[in-house]
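To start, the structure itself, in structure tokens.
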Amino acid sequence: MRDKHWTDDELFARLYDVRPGHDHLARCAGCAQRMSAIRRRYEEIRPLQVEVSPEFLAAQRRAIHARIHAKRHSLPRVLVPVIATLLLAGIIIVYRPASVVPPPKQQISDSELFDDVYNRISDPLPTSAGPIRSLFQEQK
Ligand SMILES: [Zn+2]
Numbered sequence: 017m018r019d020k021h022w023t024d025d026e027l028f029a030r031l032y033d034v035r036p037g038h039d040h041l042a043r044c045a046g047c048a049q050r051m052s053a054i055r056r057r058y059e060e061i062r063p064l065q066v067e068v069s070p071e072f073l074a075a076q077r078r079a080i081h082a083r084i085h086a087k088r089h090s091l092p093r094v095l096v097p098v099i100a101t102l103l104l105a106g107i108i109i110v111y112r113p114a115s116v117v118p119p120p121k122q123q124i125s126d127s128e129l130f131d132d133v134y135n136r137i138s139d140p141l142p143t144s145a146g147p148i149r150s151l152f153q154e155q156k
């Protein structure tokens, strides 16, 4: 497998001696040249680096831990849509429109029922022929 050139992050990791592994710089002239340029620039700006007090670093560390701790106790992002859905379902259940109650059927007496059935049976034409029959009756 061919060796890949190192990225800038890998070169900076080597600069600070935190990159483990094989030494690509011994075999690659391009990466070695980039590394030497980074080292030269680092030596130029090294005297300009500001000393940071341990108290500042400790305060920064406490702030980072406080933010991590605050995020741990906040509401997980997964629960927000679930809670919103449940709330919406609750609102729909509480404020849903009242079901429509059908009106009571009209009560008819037995004699009216028998008259209606007799009229339907005694007429030889179906009820759908009624309009056509009325046309013929008007022309007479
Ligand atoms: Zn290389």
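So the sequence shown is numbered by the numbering used here: it starts at 17 and just counts up by one.
Note that the Cβ used here is the ideal one computed from N, Cα and C, for glycine as well.
Residue i: CB within 6 Å of a non-hydrogen atom of ligand 1
i: H21; result: yes
Separation of residue j from residue i, as counted between CA atoms
i: S69; j: R83; result: 22 Å
i: V110; j: P118; result: 22 Å
i: G46; j: H81; result: 41 Å
i: M17; j: R35; result: Residue confidence is low: M17 scores 48 on pLDDT, short of 50, so the model does not pin down where it sits. Its coordinate-derived value is still stated next. Each residue's alpha carbon lies about 20 Å from the other.
i: D139; j: K121; result: 26 Å
i: A75; j: R112; result: 55 Å
i: P92; j: A79; result: 21 Å
Assigned secondary structure, residue i (DSSP; H/G/I helix, E/B strand, else coil)
i: H40; result: helix
i: S69; result: coil
i: I109; result: helix
i: R35; result: coil
i: A145; result: helix
i: H85; result: helix
i: S150; result: helix
Inter-residue CB distance, residue i and residue j (contact presumed, cutoff 8 Å)
i: L31; j: I54; result: 6 Å
With three or more beta-carbon pairs closer than 8 Å as the criterion, would you say the segment 61-75 touches the segment 29-45?
no
Quick test of the definition: if touching needs 3 or more C-beta pairs under 8 Å, does the segment 17-32 touch the segment 47-60?
yes
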